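Quick note: the sequence shown uses my numbering, first residue 5, plus one each step. The structure appears below as structure tokens.
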Amino acid sequence: MPYRIREVEMGNRDQLHDLRRQAHEAGIEGNSKMSEAELRQALKKVGKGADPQAAKQTAKQAMSR
């Protein structure tokens, strides 16, 4: 079952919490220090079939440039 970023209207804090929960469910471990943009990018990659930890590393590297 592919993971998708759920579109929900809520405050930034609740939205970030929801993204972190989704990342955890998708197998992206250690996501507490990831930014919202990194989480979104990693979840998008996992949704397309990427390995969760590889998606995390790619997202973190892309955002650090």
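All C-beta atoms in this analysis are idealised placements derived from N, C-alpha and C, irrespective of residue type, glycine included. Given the structure is predicted, the values throughout are model-derived calculations rather than measurements.
Work out the CA separation of residue j and residue i for me, nearest whole Å.
i	j	result
Gly-34	Ala-46	12 Å
Asp-22	Gly-31	14 Å
Hey, quick one: how far does the alpha helix (DSSP H) through residue i stretch, first residue to last?
i	result
Ala-54	Here Ala-54 belongs to no alpha helix (DSSP H), and DSSP marks it neither H nor E.
Asn-35	Here Asn-35 belongs to no alpha helix (DSSP H), and DSSP marks it neither H nor E.
Taking Cβ positions, are residue i and residue j nearer each other than 8 Å?
i	j	result
Leu-20	Glu-42	no
Ser-36	Arg-44	no
With 16 as the cutoff for other CB atoms within 10 Å, does residue i come out buried or exposed?
i	result
Gln-26	buried
Met-67	exposed
Lys-49	buried
Ala-58	exposed
Lys-60	buried
Gly-53	exposed
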